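Asks:
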Amino acid sequence: GAGVSQSPRYKVAKRGQDVALRCDPISGHVSLFWYQQALGQGPEFLTYFQNEAQLDKSGLPSDRFFAERPEGSVSTLKIQRTQQEDSAVYLCASSLSRPWREVTDTQYFGPGTRLTVL
Amino acid sequence: SQQGEEDPQALSIQEGENATMNCSYKTSINNLQWYRQNSGRGLVHLILIRSNEREKHSGRLRVTLDTSKKSSSLLITASRAADTASYFCATDFRVAGANSKLTFGKGITLSVRP
Numbered sequence: 001g002a003g004v005s006q007s008p009r010y011k012v013a014k015r016g017q018d019v020a021l022r023c024d025p026i027s028g029h030v031s032l033f034w035y036q037q038a039l040g041q042g043p044e045f046l047t048y049f050q051n052e053a054q055l056d057k058s059g060l061p062s063d064r065f066f067a068e069r070p071e072g073s074v075s076t077l078k079i080q081r082t083q084q085e086d087s088a089v090y091l092c093a094s095s096l097s098r099p100w101r102e103v104t105d106t107q108y109f110g111p112g113t114r115l116t117v118l
Numbered sequence: 119s120q121q122g123e124e125d126p127q128a129l130s131i132q133e134g135e136n137a138t139m140n141c142s143y144k145t146s147i148n149n150l151q152w153y154r155q156n157s158g159r160g161l162v163h164l165i166l167i168r169s170n171e172r173e174k175h176s177g178r179l180r181v182t183l184d185t186s187k188k189s190s191s192l193l194i195t196a197s198r199a200a201d202t203a204s205y206f207c208a209t210d211f212r213v214a215g216a217n218s219k220l221t222f223g224k225g226i227t228l229s230v231r232p
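Chains as they are written, first to last, in the numbering used here: chain A, 1 to 118; chain B, 119 to 232.
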C-alpha cells in the first residue's frame, strides 16, 4: 500500500519568502508528526496532530512556523518569512495510534522535503 | 535538544562482518526504537524494544536494552553493502493519553565495504 508522501521533495526559497510543505499520511492513520532534520543531525520534533487537533506544538522554533491538518488527513507545514537557519529536511510521519491504547504504534516516515533558503 | 547519543559516530566494516552500534539516553522511556536512513531517503523503522524487554531479534538485527544503564545496542550480523546508511536510536516517553513523540540521537554512519 501507499506510504507517507511529501511534496515538494525539494524547495529552494529566497530569504523572506513563505513556503508550504505538504504531507499525505497513510490512509486511516490518526496521528501525524512533523520533524525537522538539520544536516548531520537526527530529526527533531516540531508538532503533532491527532486527527485534526494539534495537540503538541512545543517543537515549533518560532511563530513563523505554522501547521494545520483541517480534515484530519493531509497536513501542511507553513513557514513564513523564511530564514537561512530554516534550511533543513522536513519529515512527516504518521501512525495508527489510538489514544486509548497504552502502547506506542510505529511511526512511518515520508521521504522528506529538503528546504534550502538562500 | 536530542536525548539519544549514539556511539560510534561512524563505523566502517567489511561485508560479512558484524556491526555493533550503541545508544545512550538520559530520561525514563516507554520504548526505544532504531531507524535507518539512506542518503536522500526517509527514515525506515527497524525494530522497537519496550522498556520491560531486554533483547529482541528481527532477521539479522538484534537489539538489547539495559534500562539501568540507560543504554541500547543494535547488532547487525553478516552485514551487506546495502546496510550502508545512517542509523538512529529514538526514545519515546508517553504519558497516558498524550502523544508519543520521538526523541532522536545524532545518528551513526555505517559504511559496509564490498
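Don't be surprised by glycine CBs; every beta carbon is placed ideally from N, CA and C.
Owing to the predicted nature of the structure, the values given are computational and were not obtained by experimental measurement.
For chain B, is any of its Cβ atoms less than 8 Å away from the one on S97/A?
Replies: At least one chain B Cβ lies under 8 Å of S97/A.
Asks: Alpha carbon to alpha carbon, how far is G134/B from K57/A? Give it in angstroms, no decimals.
Replies: Each residue's Cα considered, the two are about 44 Å apart.
Asks: In the DSSP output, which residue or residues are listed as bridge partners for V230/B?
Replies: Bridge partners of V230/B: I131/B.
Asks: With a CB to CB cut of under 6 Å and the five nearest residues on each side skipped, what residues in its chain are close to S119/B?
Replies: For S119/B, the pLDDT reaches just 47, beneath the cut-off of 50, and the residue's location in the model is therefore unreliable, leaving the point undetermined.
Asks: Should the stretch 24-39 of chain A be regarded as contacting the stretch 88-95 of chain A, the criterion being three or more beta carbon pairs within less than 8 Å?
Replies: Yes: the two stretches touch, three or more of their Cβ pairs being nearer than 8 Å.
Asks: Could you tell me the distance, in whole angstroms, from the CA atom of K219/B to the CA atom of H163/B?
Replies: Distance between the alpha carbons of K219/B and H163/B is about 14 Å.
Asks: Of all Cβ atoms in chain A, is any one closer than 8 Å to the Cβ of H163/B?
Replies: Yes, H163/B lies at the interface with chain A (some Cβ there is under 8 Å from its Cβ).
Asks: Using 8 Å as the threshold, is the stretch 123-141 of chain B in touch with the stretch 197-212 of chain B, meaning 3 or more CB pairs across them?
Replies: The stretch 123-141 of chain B, when compared against the stretch 197-212 of chain B, does touch it at the 8 Å Cβ threshold.
Asks: For a contact meaning CB atoms closer than 8 Å, what does Y108/A contact in chain B?
Replies: H163, listed in chain order.
Asks: Is there at least one Cβ from chain A nearer than 8 Å to L166/B's Cβ?
Replies: It does: the Cβ of L166/B has a partner Cβ on chain A nearer than 8 Å.
Asks: Counting only beta-carbon atoms, is G223/B nearer than 8 Å to chain A?
Replies: Interface residue, yes.
Asks: Please determine, among K11/A, F49/A, K14/A, the residue with the shortest C-alpha to C-alpha distance to P70/A.
Replies: Looking at the Cα atoms, F49/A is the closest of the given residues.
Asks: Just checking my contact of Q132/B with R231/B at CB under 8 Å: how many whole Å lie between their CB atoms?
Replies: So it is a contact: roughly 5 Å between Cβ atoms.
Asks: Checking contacts by CB at 8 Å: is P111/A closer than that to chain B?
Replies: Taking Cβ atoms only, chain B reaches closer than 8 Å to P111/A, which makes this a yes.
Asks: Could you check which residue in S31/A, R9/A, G3/A has the C-alpha nearest to that of V19/A?
Replies: Of S31/A, R9/A, G3/A, the residue nearest in Cα terms is R9/A.
Asks: Listing by chain order, which chain A residues have their CB less than 9 Å from the CB of S189/B?
Replies: What S189/B touches in chain A: nothing, since even the nearest Cβ is about 17 Å away.
Asks: One question on the structure: do L32/A and P25/A come within less than 8 Å of each other, judged by their Cβ atoms?
Replies: Cβ atoms of L32/A and P25/A: closer than 8 Å.
Asks: For Q159/B, which residues in chain A fall below 7 Å Cβ to Cβ?
Replies: Position check: residue 159/B holds Arg in this sequence, whereas Gln was assumed. The contacting residues are P111.
Asks: For the beta strand (DSSP E) that contains Y90/A, what are its first and last residues?
Replies: Counting along the chain, the beta strand (DSSP E) containing Y90/A begins and ends at 88-95.
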